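J.:
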Amino acid sequence: MASDVRAGVFLTHQQPPGRDPLVALDEQLSLVRTARDAGLDSVFAGQHHLAESMAHIQPLPWLARLAAEAGDMAVGTGIHLLALHNPVDTAEAYAGLDVVAGGRSILGVGLGYRQVEYDAFGIPPEDKVRRFTENLRIVEALWRGEAVSADLPWCRLDGVRATFRPAARPSEPMRPPIWMAANSDGAVRRAARLADTWMINPHATRATIARQLELFHAEREAAGRGPLAELPLIREVFCAPTREQALELAMPYLANKYEVYADWGQDRVMPGTESFRVGYDDLAHDRFVVGSPEDCIAALLPWRDELGVDHFVFRTDWAGMPVEAARTSLDLLAREVVPALRAPVPVS
């Protein structure tokens with residue numbers, strides 16, 4: 001198992017409104033170089049439109065720029081809001097990213113949860129799932145080089161083929177891996193049926209994810225899909241020499257991030273009655289990983305040993321945080337935490 005465990009970094013590139021975007025870009029690129037030089041395996045970026053409370057760069061230009069700095073790291077979206085966008089544009093644009101990234105891209109997709117985004121694109125809520133599933137079908141078929149037909153209100157195709165496709169791969173599938181984000185139980189089942197794997201979200205507790213993984217594996221088996229190539233997990237993780245330092249450096253920015261999530265309604269798509277409008281201690285319990293290297297190792301190993309996670313994606317940088325703090329955390333994670341995640345499981 002040890003040699004198969006991978007670790008990466010999630011760079012949202014979310015900034016306080018009005019901040020100099022060129023300064024912010026240079027800072028984020030310094031984090032990419034830190035991750036690359038430390039031997040991490042992947043770097044991800046997300047997508048939001050009309051992001052109140054923060055300035056949010058779109059993932060396609062951002063990932064294309066950081067691909068030049070990423071070395072051998074995989075470059076991925078976490079996530080592309082597939083239902084909002086034309087599937088032909090998605091197929092061609094992300095095939096282009098795959099080529100720019102040397103055939104090392106990952107397409108993470110999801111429905112999203114903010115009504116303002118669907119309103120901006122003129123999409124009624126009841127159409128979300130249909131648009132998502134049809135768009136995914138079209139993207140995959142275009143990437144395979146098939147003749148694709150569609151008679152949809154937002155896309156009409158008559159036996160068209162894509163002439164520009166992702167970089168060739170020696171193994172199946174020949175396209176970039178497709179990871180699907182999911183929060184609710186229904187979305188988890190959909191990910192099991194339609195995607196290569198579930199991109200486990202950073203918001204739910206480990207107890208919730210353990211329960212949902214049973215649903216995921218059962219649905220995947222019922223759909224006749226083969227074994228998973230990998231099981232990725234995004235987590236909010238901050239590492240400092242001591243637990244006290246980690247809390248002092250991370251808590252203000254991480255708490256603010258989840259206040260924004262509550263304003264956006266992220267917790268309303270979570271299973272059960274989970275709410276982000278609680279105090280930091282309640283919010284952090286079984287959810288955030290903030291502490292010393294030893295604390296981080298102790299919190300992350302059960303995800304590997306008990307739940308089978310083998311691709312950890314750390315989000316260790318939040319809007320307003322000084323880049324030096326994020327860089328220090330990332331360096332500690334790479335030097336002291338990742339080797340423990342990659343180490344062999346002790347035989348009892």
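Going by UniProt numbering, the sequence shown runs without a break in its numbering and finishes at 348. Just so you know, even glycine gets a beta-carbon here, dropped at the ideal spot from N, CA and C. Being a predicted model, the structure only gives us computed values, none of them experimental.
1) Would you mind stating whether Trp303 and Leu233 have Cβ atoms separated by less than 8 Å?
2) Apply the 10 Å Cβ neighbour rule to Gln115 and answer buried if 16 or more other Cβ atoms are within range, or exposed otherwise.
3) According to DSSP, simplified to helix, strand and coil, what is Ser42?
4) So which of Gly103, Cys296 and Ala223 has the shortest CA-CA distance to Thr242?
5) Three-state secondary structure (DSSP) at Leu84?
6) Express the C-alpha separation of Ser42 and Val5 in angstroms, rounding to a whole number.
7) For residue 383, count neighbouring Cβ atoms within 10 angstroms of its own Cβ and tell me buried if that reaches 16, exposed if not.
8) Starting from Phe164 and walking both ways along the alpha helix (DSSP H), at which residues does that stretch end?
9) Rounding to the nearest angstrom, what Cα-Cα distance links Arg268 and Tyr113 in this structure?
10) Identify whether Gln58 lies in helix, strand or coil by the three-state DSSP scheme.
11) Spatial neighbours of Leu152 within its chain, please: CB distance less than 7 Å, with the 5 preceding and 5 following residues excluded, ordered by chain position.
12) On the three-state DSSP scale, how would you describe His217?
13) Check whether the region 66 to 82 touches the region 153 to 160, counting contact only when three or more Cβ pairs, one atom from each stretch, lie closer than 8 Å.
14) Which same chain residues, not among the five before or five after Ser292, have their C-beta less than 6 Å away from its C-beta?
15) Would you call Leu50 buried or exposed, if buried means 16 or more other Cβ atoms sit within 10 Å of its Cβ?
16) Please state whether DSSP places Pro21 in a helix, a strand or coil.
T.: This is what the structure holds:
1) Counting from one through the sequence shown, the residue named residue 303 turns up at place 303. Counting from one through the sequence shown, the residue named residue 233 turns up at place 233. Yes, the pair counts as a contact, with Cβ atoms nearer than the cut-off.
2) As a first step, residue 115 is located in the sequence shown; it is residue number 115 there, counting from the start. By the neighbour-count criterion, in which 16 or more other beta carbons inside 10 Å mark a residue as buried, Gln115 falls on the exposed side.
3) Within the sequence shown, residue 42 is the residue found at index 42, counting from 1. Strand.
4) Taking the sequence shown and counting its residues from 1, the one referred to as residue 242 is at position 242. Considering only alpha carbons, the answer is Cys296.
5) Walking along the sequence shown from the start, residue 84 turns up at place 84. Helix at Leu84.
6) Sequence index remark: in the sequence shown, residue 5 carries index 5 (1-based). Sequence index remark: in the sequence shown, residue 42 carries index 42 (1-based). Their backbone Cα atoms lie some 12 Å apart in a straight line.
7) Outside the displayed range of the chain (1 to 348) lies residue 383, so it cannot be described from this structure.
8) Here residue 164 refers to the residue found at position 164 when the sequence shown is read from its first residue. Per DSSP, Phe164 lies in no alpha helix (DSSP H) segment and is marked neither H nor E.
9) Numbered from its first residue, the sequence shown carries residue 268 at position 268. Numbered from its first residue, the sequence shown carries residue 113 at position 113. Here Arg268 scores only 49 on pLDDT, less than 50, and its place in the model is too uncertain to base an answer on.
10) The residue you call residue 58 lines up with position 58 of the sequence shown. Here DSSP, grouped into helix, strand and coil, assigns Gln58 to coil.
11) Along the sequence shown, read from residue 1 onward, the residue named residue 152 stands at position 152. Once the five neighbours on either side are set aside, the close Cβ partners of Leu152 are Glu134.
12) Counting from 1 along the sequence shown, the entry for residue 217 is found at position 217. When DSSP states are grouped into helix, strand and coil, His217 belongs to the helix group.
13) Short answer: they don't touch.
14) Along the sequence shown, one-based indexing puts residue 292 at 292. So the qualifying residues of the chain are Thr242 and Arg243.
15) Taking the first residue of the sequence shown as position 1, residue 50 is located at position 50. Leu50 comes out exposed.
16) As a first step, residue 21 must be located in the sequence shown, where it is residue number 21. Shown here, Pro21 sits in a helix according to DSSP, grouped into three states.
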